[in-house]
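Below: one structure, written as structure tokens.
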Amino acid sequence: MENPHIRFIASAKRDRETAKAFFKEAKFDSGRNLEWSVFKKYPELKKYYRNEDNHFNRQKIYHFVNGAYHKSRRTMANDLKQNKLIWKKKEIGFYRLVSDLFENKTWPSGKYIAYGTIWGMYPRFLDTKTFQIPYRHKRANYIPVIIAHEMLHFMFYDYFYKRFPKYLNQEKYSFFNWHVSEIFNSIVQNSKGWTRFFGAKSMAYPEHKKIISKIFNEFSDKTITNIDFLTDEIIKFVKTGLKW
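Numbering (numbering that gives the first Met the number 0), first residue to last: 0 to 243.
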């Protein structure tokens, strides 16, 4: 397919489902993502959650989301319009960077929708090629970095699963795949060519910084553009260099 055209959509339904996922999955990471995505922005929602048994009041959470969308629907629409314009200025250059990196690899088919979110983290959905972005960011120029991050995931996962099919649709590899993909994105997006173009670095998860720093110290930007070599190195480090 040709370079994807991203649609920008506000959806309370999408954000309700995202909230549900954050609460339900809190048991897997001791609530870290729930704290970052929900409670850091909206501490008042803590009263609807019981950490002891990972129970949350779905009705109250959904009511909160619906109220936020009803109250700010015009502002949200305007913010998404601005995000679309900001991305428009970067998309051609981004697709050129991806094409160079993956040697003109075809983009996987999908919907390619950027849903706005009121939450503090921005999930992606590999099966539909959709993702979430903040309606507004304290650094406006960081919106394209977020979009590029999610789009790069779609291309990388497609490449990764075709090269390593044993990791596809295997629950036991889900966190392994996530680590590899996040580290790959951080290294690529923080390389000189990408930071020069976007004017900002991509944030990394704390547990990945050691590997990212080690690869940057040992390999050149030229090596980083060899995605087979880079991916192999990341896999090696993830398997041997970190204790999760």
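For glycine and all other residues, C-beta sits at the position ideal for the given N, C-alpha and C.
The Cβ atoms of glycine 115 and tyrosine 134 sit closer than 8 Å to each other.
Scanning its chain for C-beta atoms nearer than 6 Å, with the 5 sequence neighbours on each side dropped, one finds around isoleucine 112 the residues Arg6, Ile8 and Thr129, in chain order. Within the stretch 146-222, not a single complete beta strand (DSSP E) segment reaches 3 residues in length. Setting aside the 5 residues that flank it on each side, arginine 15 is surrounded in the same chain by Tyr61 and Val64, each with a C-beta closer than 7 Å to its C-beta; the list follows chain order.
Following the DSSP letters along the chain, one finds arginine 135 in no alpha helix (DSSP H), marked with neither H nor E.
Closest by C-alpha distance to phenylalanine 228, out of Asn2, Phe159 and Glu206, is Phe159. Here arginine 13 is buried. Its C-beta has 16 or more other C-beta atoms within 10 Å. Inter-residue distance for isoleucine 117 and asparagine 103 is about 35 Å (C-alpha atoms, whole angstroms). Excluding its 5 nearest sequence neighbours in each direction, glutamate 149 has C-beta neighbours in its own chain below 6 Å: Arg123 and Phe130, listed in chain order. Rounded to the nearest whole angstrom, the C-alpha separation of phenylalanine 55 and histidine 136 is 28 Å. DSSP, reduced to helix, strand and coil, places isoleucine 112 within a strand of the structure shown. As a beta-bridge residue in DSSP terms, glutamine 131 pairs with Tyr114. In the DSSP assignment, phenylalanine 7 falls within the unbroken beta strand (DSSP E) covering 6-8. In terms of CA proximity to aspartate 126, Phe153 leads the group Met202, Glu181 and Phe153. With respect to the 8 Å criterion, proline 143 and lysine 89 are classified as neighbours on the basis of their beta carbons. Burial check for leucine 100: the Cβ neighbour count within 10 Å reaches 16 or more, so the residue is buried. In this structure, Phe21 is the residue among Tyr48, Phe21, Lys46 and Lys26 with its C-alpha nearest to the C-alpha of tryptophan 35. Rounded to whole angstroms, the gap between the alpha carbons of phenylalanine 93 and arginine 49 is 43 Å. Annotation: the continuous alpha helix (DSSP H) that includes lysine 70 extends over 57-87. The alpha-carbon of glutamate 232 is positioned some 44 Å away from that of threonine 74. Per the C-alpha coordinates, the member of Ile186, Phe163, Arg195 and Val187 positioned closest to asparagine 176 is Phe163. Using a 10 angstroms sphere on the CB of asparagine 82, the tally of other CB atoms reaches 16 or more, which defines it as buried.
Cβ atoms of phenylalanine 215 and serine 180 stay farther apart than 8 Å, at about 18 Å.
Excluding the 5 residues flanking it on each side, threonine 17 has same chain C-beta neighbours closer than 7 Å at Thr116, Trp118, Pro122 and Gln131, in chain order. Taking every protein chain shown into account, the CB of aspartate 157 has 16 or more other CB atoms within 10 angstroms, so this residue is buried.
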